[in-house]
Each structure stands twice: as C-alpha cells, then as structure tokens.
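Numbering (my numbering), first residue to last: 14 to 438.
Just so it is clear, CB atoms sit at the ideal spot from N, CA and C, and this is done for glycine as well.
Bear in mind that the values here come from a model prediction, so they are computed numbers and not experimental data.
Comments concern the structure below.
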Amino acid sequence: MLNPEVRTTPRRCPLISPLPKDFTDTRKSQGRLLRSSFCLNMSEIDLVDGNLALKEIQKLEGHTDRVWSLAWNPATGAGGLPPTLASCSGDKTARIWQQGSSGSWNCTAVLEDTHNRTVRSCAWSPCGKLLATGSFDATTAIWQQIGGDFECVATLEGHENEVKGVAWNSSGSLLATCSRDKSVWIWEMQPGNEFDCVAVLQGHTQDVKMVQWHPHLDVLVSVSYDNSIRIWIEDGDLNDWSCVQTLGETSSGHSSTVWALSFSSGGDRMVTCSDDLTMKIWDTTNNPSEDGSWFHLCTLSGYHDRTVFSVNWSRDGIIATGAADDSICLFHETKDSLVGGQSYSLILKKDKAHDMDVNSVQWNPKEPKILASASDDGSIKLWRLTQPQNILYEFCIEKIIKLYNYIYIIILFYSKYLKALYHFI
C-alpha cells in the first residue's frame, strides 16, 4: 500500500495569450496604473473603528461549473512573478489567473485533459513552482510551468476514492492528501519530481475534508465528516506518523462535519469551521507537536445561517469565512473586558457576496487586504478590504482619471485641426 503507482507522463497545457489592445484600451491601462499608484498611499485600515467595507475589485469568469478551491502563489514578486491565483472546479479543470500591468486579472492557462472528474482542491508548493491538484477521480496531479506551458509532471495514485484536499509542508518536501476513503497520505518529494508515499494515516471514521500543515513545523492537521480534528506528527524513533490529539465534541469541539481549518501566521492558533454553523478558535501554549497541546479558546456562532465551508486567517490577523448562505464574514481579535480573556468579534459581513454558496475564501499572503472568494455560481471574486473614506477617495481618483483620458483622446483627435488653426492665425 505504501508503493502506489506514480505516472510521470508529461501533458502540455498551452498558455493563453492576452488579446492585443487598441489605442483606447492602452489609455485605460495607463489610467489603471495611475490609479494603483494612488491606492498605494491609502492610510492604514482602523480595525477598531469597525467602519469597514469589502469592495469588489474584479469578477473572474471562465469555469463552467462550481469553483471549489483557490490558492495564491506564495512566490509572487520573486523573479518578477506577477500576482498569481489558481482555481479548480467541477468542470474538471484548474485555471491560472494573473494580474497584468494594467491591474486587471486574466486567465493565462487552463490545466485540463488530466483529471476526468471534479478537481476539488489545489495548492502551490512554497517555492511557487509546483501546483498540486486533487480530484474526485482519486488522483493527485503535480503541475509545473516549463517554458511557456504548464505540464503535468506526476500523477499520484493510491487513494481508493475522491481526493478532497492537498497541502504542502513549509519546506515543500512533503505533500499531504486526504480522501473520502477516510485516509490521509503523506508523500515525500524526490529528485526529478518523483513522489514516494511514506505514510498512510488511518484514524478518521468518515470522509476527510481537508488537511493543513502547521506554518513552521511538520505537524499535520486533518478535519473530517466524523466531526473531529486530528493532530498528526512523525515519531522520529519509529519513523512513523501517529495521531497525538483528537479534538472532538467532548473537548468543546464541533457537533457536525468539520469542513476546513486555517492557522494564524505565528502558528500558535488555528480556526475551524463546520456544518454546525460555528467557527472555533484553538490555542496552544506549548509546542504544537506535543500530545494534548491544543485547547478550545472560543466559539463564534450566530453569524452564518447555513454551513460554513471555508475559513482563512490573514497575515494581519483577520479571519474570513465563506458559507452556504452566500455571505462572507470577517472577524478580528478583541480584548473582552467582561471575562478578562481573548475573544473575536465580527467586523464585517458581506451578504450576497455571491449568487450561490461560497466554497472558498483566501487572503493574498503578499497583500493582506486582498481577498479572493469562489462559489457554486462558477465565479471567482477579488475584494479589497477598505474603509468608506478610502472608497470615496478611490471613486474621486477614478473620475479624475476618466476625465484625463477623455481630454487626452479629444486633444489627439483634434490636434490636426488645432495645428491648422494655429498656422492660419
């Protein structure tokens, strides 16, 4: 069971070339560049004030079925790599989206002809060079951009049923996958894009929905349809992996399916979300790899009225949630003077963020005020967290830029008449 077949037959996926721009589009592009330079000087957002808004930046369309998962490329900026987002869908494809010099986002590649069922999850390696996609066809594909194309450089097989989640550890040496077959597999990357299965983790009694590595340690967390959260570490002496803690209903855990989790940037806390309509914050005062180190800190309830599918913790400490009620909620830590402890309060709720269920919310790790969301409606939306005065500021700048564009075009168009008039005078 520990020697699954790994296919390494490359499959090419050509990049999509951007369409040529006419004169008017070029002027608009310069306007967007001017606008972005103004936005860089916006004042810091005051979270205590609570006077916040999520402004939709752009709606990305292209998938022909529900969009399940999103992943920001963590290597943005390295080697001139523009901001890059991966998405995956029930249409059996993954898509690569990049921000152009004009500030607008476009699909630059469609990863297809590898999975033959829904692509449920995606994750970039820490170096940003490899993308893993997990599918309902029970396989995990590893993609790499080689030259101008994305190629499937390896296919990991072994799970007996749908792959629901994929996640890389902080060094990029290990990849975890989880499945409807109730198991979690750990793969070790070898030279030449080869992968060896080094452990199969059994313990969950139902479908495993998601896996996530601690941001700094080789500690793996899995969440499941069995309502539990499990913490896994490697026993160095036995060279094997084991579950060191189970967070269930008896330990103030969830009472229904746990769909997702996310760590704080420091790794000392994690948040989970569930079919029981709650989010739970967990803390650790010890080494996260020690047995029994995680404990329940607080529960956030009453904010969503349908299943909470996704949760993500930003570098700035803001928790975003997406749910089947089509909404997005944002939370931030506050000092609760009544109980003398830590608590989290709602700082914003965006109703009707999408037309259907919100399946994934992901903060941009490089620009922590930018949020991406994906939905059953087949779309992806990019949002900016800002304050109303900043929205008004941007609105005024946008109007000024439009006026500048119109004046510029008029001057060019009538320049020959102005020259003739000048010579006549």
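Here the alpha carbon of Trp-198 sits roughly 16 Å from the alpha carbon of Cys-135. Excluding the 5 residues flanking it on each side, Gly-280 has same chain C-beta neighbours closer than 6 Å at His-227, Pro-228, His-229, in chain order. Going by beta carbons, Gln-71 and Leu-398 fall outside the 8 Å limit. Under the 10 Å beta carbon count, Leu-98 is surrounded by 16 or more other beta carbons and is classified as buried. Counting the other CB atoms within 10 Å of its CB gives Pro-96 a total of 16 or more, which places it among the buried residues. Looking at the DSSP output, Tyr-357 shares a beta bridge with Glu-346. If the five residues before and after Gly-330 are omitted, its C-beta is found closer than 8 Å to the C-beta atoms of Ser-277, Ser-278, His-345, Glu-346, all from its own chain and listed in chain order.
Where Ala-336 is concerned, the enclosing beta strand (DSSP E) starts and stops at 332-336.
Gln-203 and Ala-154 have their C-alpha atoms some 15 Å from each other. Taking C-beta separations shorter than 7 Å and ignoring five residues to either side along the sequence, the partners of Ser-237 in its chain run His-217, Gln-219, Asp-220, Val-221, Lys-222, Val-271, following chain order. Under the rule that a run must span 3 or more residues, the beta strand (DSSP E) segments found entirely inside the stretch 213-285 read 221-226, 233-237, 242-248, 253-260, 271-276. CA-to-CA, the gap between Ser-184 and Ser-235 works out to about 19 Å. Counting along the chain, the unbroken beta strand (DSSP E) around Ala-167 starts and ends at 162-170. Rounded to the nearest angstrom, the gap between the Cα atoms of Ser-255 and Glu-69 is 43 Å. Gln-157 is the residue among Tyr-357, Thr-152, Gln-157, Asn-299 whose C-alpha sits nearest the C-alpha of Gly-141.
A distance below 7 Å between beta-carbons, with the five flanking residues on each side excluded, links Asp-78 to the following residues of its chain, in chain order: Ser-102, Gly-103, Asp-104, Gly-391. As computed with DSSP, Gly-92 is found in no beta bridge at all. Beta bridge pairing from DSSP links Ala-136 with Ala-145. Rounded to the nearest whole angstrom, the C-alpha separation of His-317 and Ser-268 is 16 Å. DSSP places Asn-418 in the helix class (H, G or I) of the three-state scheme. With fewer than 16 other Cβ atoms from the protein chains shown falling within 10 Å of its own Cβ, Ser-117 counts as exposed. If you check the CB distance, Ala-151 and His-172 come in under 8 Å. In this structure, Thr-168 is the residue among Asp-162, Thr-168, Asp-194 with its C-alpha nearest to the C-alpha of Asn-129. Each residue's CA atom was taken as its position, placing Cys-165 and Ile-414 some 43 Å apart.
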